[in-house]
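First comes the structure, then the notes that go with it.
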Amino acid sequence: MNPLELAGARPGPAFTVTFDGREIRALPGQTVAAALWAAGVTAWRTTRGSGRPRGIFCGIGVCFDCLVTVNGRPNRRACLVPVQPGDVIRSQEGTGHAD
Numbered sequence: 026m027n028p029l030e031l032a033g034a035r036p037g038p039a040f041t042v043t044f045d046g047r048e049i050r051a052l053p054g055q056t057v058a059a060a061l062w063a064a065g066v067t068a069w070r071t072t073r074g075s076g077r078p079r080g081i082f083c084g085i086g087v088c089f090d091c092l093v094t095v096n097g098r099p100n101r102r103a104c105l106v107p108v109q110p111g112d113v114i115r116s117q118e119g120t121g122h123a124d
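Numbered according to my numbering, the sequence shown spans residues 26 to 124.
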């Protein structure tokens, strides 16, 4: 496929996922972080010691600020995980484990 064809590309139909019990719409190909940002959510993790809010920082999976729990699995980098229909996404405190 050449770049001119990609310019006319359209995403598939939207689907829903839940974030902390709230339904949000997502598009095929979006990462968890992109879907959360599109829904107006900019922070979804708090730091372990001080409880400071965190969301996306580097956007390429290097910094680990965007950790989130997806379908019961903690410590998923929201900027790298593709969102899937029906995903259950939860904000995360610290490491996501009872520590």
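From the three backbone atoms N, C-alpha and C, an ideal C-beta is built for every residue, glycine too. Treat the numbers as computed from the prediction; the structure is a model and nothing was measured.
For residue i, which residues of its own chain have a beta-carbon under 6 Å away from its beta-carbon, when the five flanking residues on both sides are left out?
i: Gly37; result: Pro53
i: Glu118; result: Thr71
i: Leu92; result: Arg70, Asn100, Gln117
Take residue i and list the residues in its own chain whose beta-carbon comes closer than 8 Å to its own, dropping the five residues that flank it on each side.
i: Thr41; result: Glu48, Ile49, Arg50, Ala51, Pro110, Gly111
i: Val113; result: Val42, Thr43, Val95, Asn96, Gly97
Per DSSP, residue i forms a beta bridge with which residues?
i: Arg115; result: Thr94
i: Val42; result: Ile49
Check whether the Cβ atoms of residue i and residue j sit closer than 8 Å, and answer yes or no.
i: Val108; j: Val57; result: yes
i: Arg102; j: Gly84; result: no
i: Ala68; j: Pro78; result: yes
Given residue i, which residues of its chain have a CB within under 7 Å of its CB, disregarding the five upstream and five downstream residues?
i: Val106; result: Thr56, Val57, Val95
message: Extract the residue ranges of the beta strand (DSSP E) inside the segment 54-106, only unbroken runs of 3 or more that lie entirely within it.
response: Counting only runs of 3 or more, we get 92-95, 98-102.
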